[in-house]
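*Asks:*
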Amino acid sequence: MFSNGLNLHKLSNMALPKGVMEIADSNLINEESNEGRMKHFLTSIARIGVACSEESASNRMDIKDVVIQLNIIKEVYVGGRIPSIYRNE
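When we follow the working numbering, the leftmost residue of the sequence shown carries the number 181, and every step to the right adds one.
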């Protein structure tokens with residue numbers, strides 16, 4: 181699938197943030213999507229993927245931080261809410 185030393189990690193890293201729509205699965209993007217919102221959402225997810233796939237395990241994102249970030253993304257983009265960690269409660 182990849183050649184010349186290119187892999188999914190490198191491709192994703194090179195695409196961030198401007199080219200994220202070009203590497204995203206077209207099934208995720210539909211005509212009804214707000215392109216700016218979708219691009220921001222996909223960029224957030226891709227950044228986590230890149231951080232989790234660093235060659236050196238010691239450089240990878242800690243799973244606890246991954247869960248926190250994914251929950252923030254879920255609250256913001258799926259639920260349309262301001263994440264609880266940003267609210268003044």
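Beta carbons are placed, not taken as given, at the ideal position from N, Cα and C, and that holds for glycine.
1. Please confirm whether V256 has its beta-carbon closer than 7 Å to some beta-carbon of chain B.
2. Between K198, A231, V256, F221, which has its C-alpha nearest L188's C-alpha?
3. Does DSSP put S233 in a helix, a strand or coil?
4. Under 8 Å, with one C-beta from each stretch per pair, do the region 189-209 and the region 236-251 reach the 3-pair mark?
*Replies:* The short version:
1. Here chain B cannot be found, since the structure has a single protein chain.
2. Locating residue 188 in the sequence shown gives position 8, counting from the first residue. Minimum Cα distance to L188 is reached at A231.
3. Within the sequence shown, the letter at position 53 stands for residue 233. S233 falls in the coil class under three-state DSSP.
4. At 8 Å Cβ cutoff, the stretches do not touch.
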